[in-house]
Amino acid sequence: MAIDIAAKMTADDLLHLPTDGFRCELIRGELIKMSPAGKNHGAIAAKIGWRLAQFVEDHNLGESYAAETGFIIETNPDTVRAPDASFVSAERAKAVGDITGFFPGPPDLAIEVISPGDTYTEVETKALDWLRAGTQMVLVIDPKKKTVTVYRDLDDIAILTESQSIDGADIIPGWSIPIRDLFK
């Protein structure tokens with residue numbers, strides 16, 4: 670498929686791009702390539718994603734998704750973001766049905782693990798994009814500081830340390846993880 674890169678890309682253009690070893694997101698019609706995750710990043714993302722998926726499945730709460738899953742959070746121009754792990758409630762997942770493309774709308778929970786090459790501004794922008802799109806909670810895991818920043822709203826942001834736990838609150842009731850477990 671030939672894509673006119675001078676024009677704004679669409680979510681459909683992104684979906685049909687050939688795989689070149691990079692992860693890509695679409696930000697307001699602009700293609701953003703990202704390097705594959707490093708060892709530490711991948712291990713932390715796998716730990717939290719696995720625990721999330723296991724809890725969600727055990728309690729039949731909805732669907733959990735891995736890092737390759739794109740969510741369309743804006744249209745005209747399109748924005749497709751892909752968190753390191755995510756959750757969508759059973760009600761919302763059922764309403765979307767079985768589709769082959771990107772999820773139309775934001776996840777209820779988005780989890781981001783900061784990579785060594787990420788800037789604070791990039792990570793905060795991504796967290797705020799999720800919130801503006803309707804994500805109810807964003808977890809930003811910082812491997813260097815061994816903290817988790819919890820974004821619930823633009824006015825409800827908390828930084829948790831290794832001595833605390835992540836709590837699924839009303840989004841994933843009963844789900845909890847000691848933060849120190851992510852960094853073992």
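Going by this note's numbering, the first residue of the sequence shown is number 670, and it counts up by one from there. From the three backbone atoms N, C-alpha and C, an ideal C-beta is built for every residue, glycine too.
Extent of the continuous alpha helix (DSSP H) to which residue i belongs
i, result
"Phe-724", "708-727"
"Asp-798", "789-802"
"Arg-848", "The residue asked about is misnamed: residue 848 is Ile in this sequence, not Arg. Where Ile-848 is concerned, the enclosing alpha helix (DSSP H) stretches over 848-851."
"Met-680", "The amino acid at residue 680 is misidentified as Met; the sequence shows Ala. That run of the alpha helix (DSSP H) goes 680-684."
Beta-carbon gap between residue i and residue j smaller than 9 Å
i, j, result
"Glu-781", "Asp-753", "yes"
"Gly-739", "Ala-751", "yes"
"Ile-759", "Glu-732", "This sequence places Ala at residue 759; Ile is not what is there. Yes; because the gap between Cβ atoms is below 9 Å, this pair is in contact."
"Trp-799", "Ile-841", "no"
"Val-807", "Ile-835", "no"
"Ile-713", "Pro-812", "yes"
"Trp-854", "Val-725", "Examination of residue 854 is not possible in this model, given that the chain is present from 670 through 853 alone."
"Val-792", "Val-819", "no"
Delimiting residues of the beta strand (DSSP E) encompassing residue i
i, result
"Lys-702", "699-703"
"Asp-822", "816-822"
"Ala-754", "754-758"
"Ile-810", "806-811"
"Ala-735", "731-735"
"Ser-834", "834-836"
"Ala-779", "778-782"
Backbone CA spacing between residue i and residue j [nearest angstrom]
i, j, result
"Ala-671", "Tyr-734", "Only weak support is given to the placement of Ala-671: the predicted model assigns it a pLDDT of 47, under 50, and the value that follows is read from those uncertain coordinates. Straight-line Cα distance between these residues: approximately 29 Å."
"Gly-837", "Pro-746", "32 Å"
"Ala-736", "Gln-723", "16 Å"
"Leu-778", "Gly-786", "23 Å"
"Leu-700", "Lys-763", "30 Å"
"Asp-839", "Gly-774", "19 Å"
"Asp-681", "Arg-801", "22 Å"
"Ala-827", "Ser-755", "19 Å"
"Ile-783", "Gly-711", "10 Å"
"Phe-852", "Ile-768", "35 Å"
"Arg-697", "Leu-797", "14 Å"
"Thr-804", "Phe-771", "16 Å"
"Tyr-789", "Lys-815", "15 Å"
"Lys-677", "His-685", "15 Å"
Identified DSSP bridge partners for residue i
i, result
"Phe-771", "None; Phe-771 has no bridge partner."
"Ala-827", "Val-819"
"Arg-692", "Met-703"
Is the number of C-beta pairs between the stretch 713-724 and the stretch 684-694 that are closer than 8 Å three or more? no
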